[in-house]
Amino acid sequence: MSGTTPGIGHNNGPSMERGQVWRAYQWRKAQKELMPNTIPLMVVKMRLRRAAELGMDYKAYARIRQATGQDIMGLLFSSNALRIIGDGAKMPEAEARALDAVKSAQKLSLVHLPNRPGPVLQANPVLDATEAAPRFTDSWSDMRVRLETFIRSRRLPGNQVVIIGDAPLESEWMAAAKAAGYLQANEYFGSQAG
Numbered sequence: 276m277s278g279t280t281p282g283i284g285h286n287n288g289p290s291m292e293r294g295q296v297w298r299a300y301q302w303r304k305a306q307k308e309l310m311p312n313t314i315p316l317m318v319v320k321m322r323l324r325r326a327a328e329l330g331m332d333y334k335a336y337a338r339i340r341q342a343t344g345q346d347i348m349g350l351l352f353s354s355n356a357l358r359i360i361g362d363g364a365k366m367p368e369a370e371a372r373a374l375d376a377v378k379s380a381q382k383l384s385l386v387h388l389p390n391r392p393g394p395v396l397q398a399n400p401v402l403d404a405t406e407a408a409p410r411f412t413d414s415w416s417d418m419r420v421r422l423e424t425f426i427r428s429r430r431l432p433g434n435q436v437v438i439i440g441d442a443p444l445e446s447e448w449m450a451a452a453k454a455a456g457y458l459q460a461n462e463y464f465g466s467q468a469g
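In the working numbering, each residue carries its 1-based index in the sequence shown increased by 275.
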């Protein structure tokens, strides 16, 4: 029977040939032996360096990188996460220093009312771009469109952007934007305290 094509009605199920289970086991075992269980040291060092360039904790960076398979090219902060209170207000010095240290990634912000994007960008030149945040009353589709439009306008794919927020509803931005991940502001800025 070996070498013949299954006929009509055959469901292409597993082979019933003798020894098939043993061969499959040996194949999986050989594959596992070839695949390393650890990441090469050089790759770990590169990722540690990249996490530092982004101002992120290595574990958070590695988790996001593993989930998406992509590097992070943009950080999207809510005005809450940046502690921008009041229209045209400057973010606190600690947050500004943290963003100034970010390398090879765009620093974006969605600003909540009463903030307006223009004055916030002008007061915080460390940011690359700002846009109005979705309102709490926006529908899911309106929120998705607003986020995707802003991210695309920066020539970024959603899966290369990490959202950093500080309010419960901001965590929903990750799914709406199809973003790489979500971090709480204290998780992002707290990793830089040491």
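By construction, the Cβ of each residue, glycine as well, lies at the ideal position given by its N, Cα and C atoms. Note that this is a predicted model, so its numbers are computed, not measured.
- In the structure shown, V401 falls within a coil segment according to DSSP collapsed to helix, strand and coil.
- Distances from the CA of S354 to each of I347, Q345, V437, A364 were compared; the closest alpha carbon is that of A364.
- Here I314 is exposed, its C-beta having fewer than 16 other C-beta atoms within 10 Å.
- Note on geometry: alpha-carbon atoms of E406 and A326 lie some 26 Å from one another.
- Cβ-Cβ separation between G433 and Y457: approximately 12 Å, too far for a contact (criterion under 8 Å).
- Secondary structure note for L374: its alpha helix (DSSP H) is the uninterrupted segment 368 to 375.
- Here A407 carries a strand assignment [DSSP, helix/strand/coil].
- In the DSSP assignment, Q306 falls within the unbroken alpha helix (DSSP H) covering 295 to 309.
- Taking C-alpha positions only, Q341 is separated from I347 by approximately 11 Å.
- Per DSSP, the continuous beta strand (DSSP E) segment holding Q381 begins and ends at 381 to 386.
- The alpha-carbon separation between D375 and G344 amounts to approximately 26 Å.
- For the pair L383 and Q295, the Cα-to-Cα distance works out to about 55 Å.
- Inter-segment contact for the stretch 389 to 396 and the stretch 414 to 431 is absent: fewer than three beta-carbon pairs are separated by less than 8 Å.
- Rounded to the nearest whole angstrom, the CA to CA distance from V401 to A371 is 7 Å.
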